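Sequential numbering from 1020 applies to the sequence shown in our numbering.
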Amino acid sequence: MKIIHFTAFLFLLITFSCNKNSDEDSKDDCIDPEKINKMAPCILIYAPVCGCDGQTYSNECVAENNGVLRFEMGECPN
1020 MKIIHFTAFL
1030 FLLITFSCNK
1040 NSDEDSKDDC
1050 IDPEKINKMA
1060 PCILIYAPVC
1070 GCDGQTYSNE
1080 CVAENNGVLR
1090 FEMGECPN
């Protein structure tokens, strides 16, 4: 009986410790520093996108050159 309780406790401990940093991981997955290239040329068309970092970029090219990995069409809500 003690083995079952210990096993259940160990399982729960591992489960909760694995999910501890899930919010931090999603923030880390938003910007890729290796893809930042602010000197790269982008067309000057205003077609706003909302980056996963909550910032509005003037178009997809600008977002990608700022290292943003995920974005949606349209401005970010204020």
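A virtual CB, placed ideally from N, CA and C, is assigned to each residue, including glycine. Quantities reported herein were computed from a predicted structural model and do not represent experimental measurements.
Taking all protein chains shown into account, do 16 or more other C-beta atoms lie within 10 angstroms of the C-beta of Asn1056, making it buried, or fewer, making it exposed?
-> Sequence index remark: in the sequence shown, residue 1056 carries index 37 (1-based). Looking at its Cβ environment, which holds fewer than 16 other Cβ atoms inside 10 Å, Asn1056 is exposed.
Secondary structure at Lys1039, three-state DSSP: helix, strand or coil?
-> Counting from one through the sequence shown, the residue named residue 1039 turns up at place 20. Caution applies to Lys1039, whose pLDDT of 47 falls short of 50 and renders its modelled position unreliable; the model cannot decide the point.
Could you pull the start and end residues of the beta strand (DSSP E) that Asn1056 belongs to?
-> Here residue 1056 corresponds to residue number 37 of the sequence shown, with the count starting at 1. For Asn1056, no beta strand (DSSP E) segment is defined, and its DSSP state is neither H nor E.
Are the beta-carbon atoms of Thr1075 and Glu1094 separated by less than 7 Å?
-> Residue mapping note: residue 1075 aligns to position 56 of the sequence shown, counting from 1. Residue mapping note: residue 1094 aligns to position 75 of the sequence shown, counting from 1. With respect to Glu1094, Thr1075 sits close: the two C-beta atoms are nearer than 7 Å.
Where DSSP assigns a beta bridge to Gly1070, which residues make up the other side?
-> For the purposes of this step, residue 1070 is taken as residue 51 along the sequence shown, with counting starting at 1. Bridge partners of Gly1070: Phe1090.
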